[in-house]
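Undergrad: Protein chains in written order, with our numbering: chain A, 18 to 97; chain B, 21 to 472. We treat Cβ as the ideally placed atom computed from N, Cα and C, and that holds for glycine.
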Amino acid sequence: MRLKKNIATSESGFIFHPGTGDSFSANPIGADILLQLKEGVAPSDIKKTILDKYDVTANMVEKDWDDFSAQLREANLLEL
Amino acid sequence: MTKLPYERPQILKMNAGLMNKYGTRTEYEPVKHIDGIPVKTLIAKYGSPVFVISERTMRSTYRSIQRSFATRYPKVQMAWSYKTNYINAVCNVYHQEGSWGEVVSGFEYRKALGNGVPGNKIIFNGPEKTTAELELAINNDSLIHIDHFDEMYQLIDISDRMNKKPRVAIRVNMDTGIYPIWDRFGFNYENGTAWSALTKIVESGKLNLVGLHCHIGTYMMVTTAYSIAASKLCDLAWNCKTQLNTTIQYLDMGGGLPTANDLRGAYLPAKDTIPSVDEFAEAIASTILNYGFKTEDLPLLILETGRAMIDDAGFLLGSVLANKRLSDGRRATIMDFGVNILFTSFWYEHKISPAQDFTQHTEECVLYGPLCMNIDVVRSAITLPLLNRGDQVVVHRVGAYNMTQWMQFIQMRPNVVMIDESGESHLIRATETMEYIEIPERMPEHLKTVKL
Ligand SMILES: Cc1ncc(COP(=O)(O)O)c(C=O)c1O
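Below, the structure is given as structure tokens:
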């Protein structure tokens, strides 16, 4: 799963897609994931960090990860 | 190291011109307590979902409505509309406050008697009253409100046979400027049927005509409808006095006052659009007072206020079963309560508050109930914080009609709890059991065994 190269993201969760002109806002955990994806961190490592940092079960992270990917795909932010 | 609270990751598209980058918020505060008891405690003790009724809110609403009318009119009597919520403990709070009972079936009639309401303080409305029920009501000197001519003749026959003269009123339907007119109940004013019924009742010599009743609709949003209704009932009362030599002792204006629940599809919030009870009271009281009755002939004003009396006092507590995304990308949240117990979600966009802390991030979602049925939609679009499985919510203003129109369909009906004025919780209706549901069932001998 890779973010499109030209997508602008900020730590505060602001996302801009120059191709479509769309902008999005992410909640803090969403922004964190986007930054890591941008830096090329592998999804499995990102998920592990989330599990270490937050009070959440692995199943929940897995399920929400899939849903977050779907949101990114829907928003046209992922490389196909 | 303690871990941070988790929220699922989310992105939200920002629309040009949106004032708030997190979208419109419906809720700014979680609701963690009902009358001082934590939602968590209530759910731990009574299960989820659970209806919770605030006795404090019931009583304060009653007193406030009573005051609105009693400060404007000298003779006012409330009659609790049983169908709105006929759990006995609920009825008795209002009876303790001084309310009579208003019933629309033999079943409700017997409930009112069982609750200790004297027969002569029960108003018997509705299109179906059996001979046995009418006999009971006559023996108890109840106020029988006649709905149609067939009932009038039935009552004349029974009275003749029993050699008693029951106290009766007729229900009148009329044009109050609200359409469609509720003309299926009672006798029409404009076409003269109501007058014809009144004449026949008095001429029969068998019935004691004492009142006039109307119930012009429910969730009425304009006060003028009540002024018109009151003035038409006054016309009839006046004519009864002058032409039939009969004094009408009471005018029963029925129910119909709105609550702060938003109607489905309404453009503006109800809070900003519905008149206050004071304004309705003013419309009714000033119409009757200015009509021209002599002071000693002023009729008693009866009100059968239902939803406005109890809606605010009722809460439904429930929990999130699951989250999912629909094929078009919309988010769906599945709750453990649905239209089976929240019947009013067919009419209202109920306010729903999370019962635990949340961040400012929200999403629009569809709120489904737990039934495996397509109709089970609690809210077709609602903006809520990101709820997780197990999170709890509070649905507001559910006191009216849900605990009577709920259905045992797929799931059992849940516990109903009342919190008294000192903050103590009481179970007032226990959740249904398998045994209870199957009591009326019978198994024919040849179907008793199954081999698969
Ligand atoms: C005869 C009668 N009275 C009173 C009521 C209570 O009405 P509401 O809940 O609109 O106040 C109803 C409800 O349908 C009714 O039919």
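Taking 7 angstroms as the threshold (beta carbon to beta carbon), is A:Q88 in contact with chain B?
TA: Closer than 7 angstroms to some Cβ of chain B, the Cβ of A:Q88 qualifies, so yes.
Undergrad: Given the structure, does B:H235 come close to ligand 1, in the sense that its CB is under 6 angstroms from one of the ligand's heavy atoms?
TA: Yes, the beta carbon of B:H235 sits closer than 6 angstroms to at least one heavy atom of ligand 1.
Undergrad: I want to verify the contact list: residues of chain A whose CB lies under 7 angstroms from the CB of B:G349, in sequence order.
TA: Going along chain A in sequence order, the residues near B:G349 (Cβ under 7 angstroms) are E91.
Undergrad: With a cut-off of 8 angstroms on the beta carbons, I'd call B:W426 and B:N343 a contact; round off their distance for me.
TA: With 8 angstroms as the limit, B:W426 and B:N343 do not qualify as a contact, their Cβ atoms being about 26 angstroms apart.
Undergrad: How long is the line joining the alpha carbons of B:D272 and B:C234, rounded to whole angstroms?
TA: C-alpha separation (whole angstroms): 6 angstroms.
Undergrad: Here's the rule I'm using: 16 or more other beta-carbon atoms within 10 Å means buried, otherwise exposed. How should B:F127 be labelled?
TA: Classification of B:F127: exposed, given that the 10 Å Cβ count is below 16.
Undergrad: In chain B, which residues lie with their C-beta within 7 angstroms of the C-beta of A:D62?
TA: The premise fails here: A:D62 is roughly 15 angstroms from chain B at the closest Cβ pair, so nothing lies under 7 angstroms.
Undergrad: So, under 8 angstroms CB-CB, B:P434 and B:F169 are touching, yes? Tell me the CB distance rounded to an integer number of Å.
TA: Their Cβ separation, rounded to whole angstroms, is 43 angstroms, which puts B:P434 and B:F169 out of contact at 8 angstroms.
Undergrad: Can you pull the chain E neighbours of A:I50, defined as C-beta to C-beta under 7 angstroms?
TA: Absent from the structure: chain E. Protein chains present are A and B.
Undergrad: Looking at the unbroken beta strand (DSSP E) that takes in B:Y270, where does it start and where does it end?
TA: Segment Y270 to D272, the beta strand (DSSP E) holding B:Y270.
Undergrad: Using Cβ-Cβ distances below 7 angstroms, what residues of the region 22-50 of chain A are close to chain B?
TA: Result list: I32, D39, S40, F41, S42, A43, N44, I46, G47 and I50.
Undergrad: Along chain B, in chain order, which residues have C-beta atoms closer than 7 angstroms to that of A:K70?
TA: Correct list: K23 and L24.
Undergrad: So B:T213 is in the alpha helix (DSSP H); what residue range does that whole segment cover?
TA: That run of the alpha helix (DSSP H) goes T213 to S224.
Undergrad: Buried or exposed: which applies to B:R417, given that a residue is buried once 16 or more other Cβ atoms fall within 10 Å of its Cβ?
TA: Label assigned to B:R417: buried.
Undergrad: Across the region 137-145 of chain B and the region 156-168 of chain B, are there enough close Cβ pairs to call them in contact, namely three or more that are closer than 8 angstroms?
TA: Yes, since at least three Cβ pairs between the region 137-145 of chain B and the region 156-168 of chain B fall closer than 8 angstroms, the two stretches touch.
Undergrad: If you draw a straight line from the C-alpha of B:F307 to the C-alpha of B:S247, how long is it?
TA: According to the sequence provided, residue 307 of chain B is Thr. The question's Phe does not apply to it. Those two C-alpha atoms are separated by around 6 angstroms.
Undergrad: Classify B:M194 as helix, strand or coil using the three-state DSSP reduction.
TA: Correct three-state label for B:M194: coil.
Undergrad: Let's test the definition: count the other Cβ atoms within 10 Å of the Cβ of B:M240 and tell me whether it reaches 16, buried, or not, exposed.
TA: B:M240 should be labelled buried.
Undergrad: Starting from A:V73, find everything on chain B with Cβ-Cβ shorter than 7 angstroms and list it in chain order.
TA: Ordered by position in chain B, the residues that pass the 7 angstroms Cβ test against A:V73 are Y26.
Undergrad: Let me know the secondary structure DSSP gives B:Q86 once reduced to three states.
TA: In the structure shown, B:Q86 sits in a helix (DSSP, three-state: H, G or I).
Undergrad: Give a yes or no on whether the C-beta atoms belonging to B:V512 and B:H370 are separated by under 7 angstroms.
TA: The requested residue 512 of chain B does not occur in the structure, where chain B is confined to residues 21 to 472.
Undergrad: Let me see if you follow: with CB-CB separation under 7 angstroms, is A:D81 close to chain B or not?
TA: Cβ-Cβ to chain B under 7 angstroms: yes for A:D81.
Undergrad: Do B:F335 and B:I54 come within 7 angstroms of each other at the CB atom, strictly closer than that value?
TA: Yes.
Undergrad: If we call anything under 7 angstroms between Cβ atoms a contact, is B:S101 one with B:E75?
TA: Result no, Cβ atoms of B:S101 and B:E75 do not sit closer than 7 angstroms.
Undergrad: How long is the line joining the alpha carbons of B:T238 and B:I322, rounded to whole angstroms?
TA: Answer to the nearest angstrom: the Cα atoms are 16 angstroms apart.
Undergrad: Taking DSSP's pairing of strands, which residues face B:A352 in a bridge?
TA: Beta-bridge pairing links B:A352 to B:K344 and B:V386.
Undergrad: In whole angstroms, what separates the C-alpha of B:N112 from that of B:R327?
TA: Rounded to the nearest angstrom, the two C-alpha atoms are 16 angstroms apart.
Undergrad: Taking 7 angstroms as the CB-CB limit, is B:K33 close to chain A?
TA: It does: the Cβ of B:K33 has a partner Cβ on chain A nearer than 7 angstroms.
Undergrad: Taking 7 angstroms as the CB-CB cut-off, is B:H381 touching chain A?
TA: Yes, because at least one Cβ of chain A sits closer than 7 angstroms to the Cβ of B:H381.
Undergrad: Mapping the DSSP letters down to three states, classify A:P45 as helix, strand or coil.
TA: In the structure shown, A:P45 sits in a helix (DSSP, three-state: H, G or I).
Undergrad: What are the partner residues of B:M98, as DSSP defines its beta bridges?
TA: In DSSP, B:M98 forms a bridge with B:L323.
Undergrad: Let me check you understand the geometry: is the CB of B:E153 closer than 6 angstroms to at least one non-hydrogen atom of ligand 1?
TA: Checking the Cβ of B:E153 against ligand 1 gives no.
Undergrad: Could you work out which residue in B:N265, B:K131 and B:E461 is closest to B:E223 when comparing CA atoms only?
TA: Ranking the options by Cα distance to B:E223, first place goes to B:N265.
Undergrad: Can you tell me the Cα-Cα spacing of B:L341 and B:D440, whole angstroms?
TA: C-alpha separation (whole angstroms): 30 angstroms.
Undergrad: Per DSSP, A:D69 is paired with what?
TA: None; A:D69 has no bridge partner.
Undergrad: Which residue spans inside the region 158-210 of chain B form an unbroken beta strand (DSSP E) run of at least 3?
TA: Segments of the beta strand (DSSP E) lying fully in the region 158-210 of chain B: 163-166 and 187-193.
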